[in-house]
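Chains as they are written, first to last, in the working numbering: chain A, 363 to 605; chain B, 363 to 605; chain C, 363 to 605; chain D, 363 to 605. Each remark here refers to the structure printed beneath this line.
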């Protein structure tokens with residue numbers, strides 16, 4: 363009998379997180395993390411209607427005790443289940459303003475949401491992933507990056523310092539835990555996500571923004587890679603994107 | 363009725379090229395290019411036995427007329443077929459020796475096999491891919507890179523200059539033809555491929571070398587991406603690889 | 363009459379910071395920042411003996427009020443002086459240990475020392491640099507990076523996330539303030555610095571570690587660049603270093 | 363008595379090459395290489411009037427025998443002189459056009475001028491630099507890169523493949539010959555050079571284009587670095603440049 367397993371997605375909102383949750387729910391029950399339950403309630407309904415299983419957990423990724431409590435609740439909600447995959451898809455922390463107008467709080471928000479949140483999430487997820495190396499597919503930890511993971515534009519010091527830091531965490535973890543059979547990926551999502559909030563942004567054709575379901579399909583492919591051929595870094599952008 | 367289509371793979375030998383050919387043959391007839399027919403004869407047998415269709419064409423990628431002739435023969439062999447995907451997976455050109463001992467021929471071999479070959483292949487493939495944008499999936503051009511696409515080690519000036527040049531070609535084409543709906547990818551294959559020729563290299567576990575079928579599965583995923591979320595660059599390495 | 367000016371160096375210890383201070387003191391009075399006055403006392407003596415002027419200020423770069431107080435004291439100590447150059451050379455924050463053993467404090471130390479410290483230092487320095495664009499040479503802000511600014515090795519998630527973040531800050535500031543005539547540089551110092559603390563590390567020849575005076579000479583060159591040809595990023599490593 | 367020495371600059375035209383030649387002529391006699399003597403005649407006059415010594419040699423960098431003949435003539439013109447520095451600053455090879463309109467000749471021109479020319483130049487220069495390690499400053503080989511060394515824009519496949527290839531050569535040589543005490547640098551010159559030919563391009567202030575004398579000053583600084591702190595890669599751009 364195959365072992366029971368679960369996937370955890372942190373940062374579930376109306377866009378990429380929801381799509382990733384739906385995609386992984388085709389194979390696993392999914393645990394959804396967001397600060398505000400409103401962000402995952404609709405997704406849980408969707409997944410339930412499709413015959414999948416999803417449970418939401420309210421958590422603040424920048425707070426270790428909040429994250430640890432959420433993972434403990436996940437353990438209880440899915441007893442005996444191994445952690446097949448963990449996706450850190452937390453957005454936010456995006457203060458774009460002239461550097462001299464940034465407050466310390468605004469500046470550090472980029473790091474808290476990305477670097478520090480990624481740290482807390484990984485510290486909770488990795489010991490659980492280490493127990494799941496006998497599953498059919500390698501246990502996987504995926505981080506969502508952005509254009510600002512590689513390029514720090516003017517006025518983006520907060521967000522970019524957070525995304526640069528998150529990329530460092532992802533890279534360091536890949537090098538430490540890859541040899542243990544844990545797959546650590548960093549996906550650079552470069553472009554505007556096609557969600558309701560961005561419906562006013564139009565580039566011509568309807569598919570010129572990033573469809574979150576398409577991102578989720580690539581995340582699923584990353585998860586499906588055997589350890590003989592792991593991808594660590596990948597970019598994703600709409601065909602019309604300048605870069 | 364769906365349009366007829368074909369996939370072309372250049373650089374078919376016993377490793378990655380053969381696996382890519384087999385993978386794409388599950389959906390399309392495949393045209394296989396290699397300088398020496400011995401390199402594709404076995405693959406054609408495999409594919410034929412599996413119920414697929416494969417035809418081999420002898421071609422020297424560094425010679426425009428040879429490449430153009432091969433594509434003309436492909437057009438004849440698959441009349442009325444659109445070009446769904448073209449994969450440039452040509453290896454070779456790897457002279458590792460002290461710089462002062464390199465001859466001009468040895469040095470330029472890296473460029474001829476990679477940069478120039480990629481140029482000829484793309485000039486033949488792109489006009490055909492441009493006609494295939496109405497297929498279910500976007501027409502796709504994939505180039506196989508290597509560790510040396512990003513890092514030029516001591517004594518690797520020939521191979522690295524070729525692989526750097528090929529990466530430049532891939533990047534420039536992605537920016538020019540992406541907006542036309544053509545998907546151009548560059549895959550950095552970082553590690554030892556697990557084929558008979560490398561059977562003497564052992565790192566512990568049997569899957570510590572790159573399984574070419576796993577590489578092919580990722581190439582197929584790249585092909586399957588809709589234009590709303592194209593990947594341009596991806597890396598692939600075994601879980602134990604230092605990098 | 364030429365305007366009076368001063369240079370500020372944060373992170374003055376026995377190595378690079380001291381050398382940078384000595385080099386800039388050949389042209390300007392220098393203000394030296396370190397948490398512990400012991401770190402700059404010897405340097406001040408050196409500079410004074412050589413006929414230069416140096417004043418030390420105790421400050422904790424990760425604390426905005428401490429940094430702001432230090433800059434206010436600098437303004438008083440050098441009344442009417444423009445800020446010609448500011449160098450952020452703060453080391454430390456280097457916890458190298460297995461990821462799962464890192465405490466939150468240890469992890470965030472990398473960011474506090476590098477990203478956050480760089481933020482505070484820049485917020486204090488830039489408004490002063492903006493007033494100095496009429497000096498003979500462009501006002502300059504230099505950040506000291508490390509190997510870990512570009513590559514996050516296993517067990518280096520704390521230090522690397524801090525150095526990645528600092529690089530993001532440097533890049534964003536260069537893009538925002540370069541067009542105002544402020545020169546923002548990021549120097550990647552890749553190798554072992556040749557100081558007393560590293561005297562046990564030997565690679566053969568005596569100059570196979572980075573001589574801090576040589577680093578300082580390059581920082582001075584960066585400062586001397588006119589705005590028609592600014593360097594943003596540079597690397598520095600000993601001739602024997604593998605990279 | 364100090365050993366006699368000479369510097370060689372390839373790619374001397376009205377801009378950067380001429381400035382580099384003038385700068386190095388302040389310390390060494392200089393040998394100037396260009397395909398067309400018209401390109402260096404004026405520079406030789408300048409240097410002679412300033413009390414320096416310069417000799418021009420006509421050479422085609424993409425032709426091994428032409429380069430070797432030029433170096434043999436340099437040996438004769440400066441008997442007993444060691445090669446202190448060699449700068450490869452060859453421009454050209456810049457065909458910007460739609461990929462499908464590029465001829466093979468146009469495409470390979472980028473590689474011939476940059477990658478292959480860099481190869482020939484290095485094969486001639488390095489054995490001479492190897493004999494010069496006892497000079498006061500380390501023997502140095504500098505290559506001039508461009509924006510296209512790191513980014514291949516649409517329609518730039520020829521130039522970018524050449525500049526990518528040249529960067530690979532520079533990197534590989536730095537790793538092979540650095541440990542022998544030879545300094546190999548790659549300078550990314552990112553922006554419009556301020557010469558007569560570009561006088562129609564105006565960005566506002568007169569120093570918003572790259573002043574070639576400023577570039578030359580940085581090249582001289584690179585040459586002056588001791589082997590304890592070699593720079594391999596540096597960028598140079600005007601303060602107003604977007605990047």
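Cβ coordinates follow ideal geometry from the N, Cα and C atoms, glycine included.
Of all residues in the region 530-548 of chain D, the ones placed with a Cβ closer than 7 Å to any Cβ belonging to chain B are 530, 531, 533, 534, 535, 537, 538, in chain order. Between residue 556 of chain B and residue 603 of chain B, the C-beta gap is not smaller than 8 Å, which leaves the two residues out of contact. In the DSSP annotation of this structure, the continuous segment of the beta strand (DSSP E) that includes residue 550 of chain D starts and ends at 545-551.
Beta bridge pairing from DSSP links residue 596 of chain A with A:549, B:596. Using a Cβ-Cβ cut-off of 8 Å, residue 486 of chain C is close to nothing in chain A; its nearest Cβ partner there is about 10 Å away. CA-CA distance, residue 400 of chain C to residue 420 of chain C, rounds to 10 Å. Between residue 500 of chain B and residue 544 of chain B, the CB-CB gap stays under 8 Å. The C-beta of residue 442 of chain D has fewer than 16 other C-beta atoms within 10 Å across all chains shown, which makes the residue exposed. In terms of beta-carbon proximity, residue 385 of chain B stays away from the interface with chain A, with every pair separated by 8 Å or more. Residue 601 of chain C belongs to the set of residues whose beta carbon lies under 8 Å from a beta carbon in chain D.
For residue 462 of chain A, no pairing in a beta bridge is given by DSSP.
At least one beta carbon of chain C lies nearer than 8 Å to the beta carbon of residue 470 of chain A.
By alpha-carbon distance to residue 491 of chain C, the top candidate from C:414, C:540, C:427 is C:540. Contacts with chain D at 8 Å (Cβ-Cβ) do not include residue 494 of chain B.
Per DSSP, residue 520 of chain C is one residue of the alpha helix (DSSP H) stretching across 519-539.
Residue 451 of chain D has a beta carbon lying at 8 Å or more from every beta carbon in chain C.
Of the candidates A:383, A:469, A:574, the residue whose Cα lies closest to the Cα of residue 458 of chain A is A:469.
Residues of chain C with a Cβ closer than 7 Å to the Cβ of residue 478 of chain A are, in chain order, 470. For the region 488-519 of chain D, the beta-carbon criterion of a distance under 8 Å to any beta-carbon of chain B is satisfied by 488, 489, 510, 513, 514, 515, 516, 517, 518, 519.
Below 8 Å, enough C-beta pairs join the region 521-537 of chain D and the region 473-481 of chain D to call them touching: three or more.
Comparing alpha carbon positions, the residue from A:560, A:515, A:583, A:591 closest to residue 574 of chain B is A:591. Interface residue (Cβ-Cβ distance to chain A less than 8 Å): residue 577 of chain B is classified as such.
Burial is judged here by how many other beta carbons sit within 10 angstroms of a residue's own beta carbon; residue 564 of chain D has fewer than 16 and is exposed.
One thing to note: residue 588 of chain A has its Cβ no nearer than 8 Å to the Cβ of residue 448 of chain B.
Under the DSSP definition of a beta bridge, residue 390 of chain D lacks any partner. For residue 595 of chain C, none of the residues of chain A pass the 7 Å Cβ criterion, the least Cβ distance being about 12 Å.
Close to residue 523 of chain B, with beta-carbon spacing below 7 Å, are these residues of chain D in chain order: 477, 527, 530, 531. Residues of the region 554-571 of chain C that bring their beta carbon within less than 8 Å of a beta carbon in chain D comprise 556, 569, 570, 571, in sequence order. Look at residue 426 of chain B: its C-beta is under 8 Å from a C-beta on chain D. Restricting attention to C:410, C:523, C:393, C:474, the CA atom closest to the CA of residue 438 of chain C is found in C:393. Rounded to the nearest angstrom, the gap between the Cα atoms of residue 507 of chain D and residue 404 of chain D is 25 Å.
Residue pairing by DSSP places residue 419 of chain D opposite D:395 in a beta bridge. Rounded to whole angstroms, the separation of the alpha carbons of residue 522 of chain C and residue 465 of chain C is 16 Å. Listed along chain A, the residues sitting closer than 8 Å to residue 590 of chain B by beta-carbon distance are 556, 569, 570, 571, 572, 573, 576, 600, 601. Of the candidates B:461, B:567, B:498, B:471, the residue whose Cα lies closest to the Cα of residue 515 of chain B is B:461. Looking at the backbone, the Cα of residue 599 of chain B and that of residue 547 of chain A are separated by about 12 Å.
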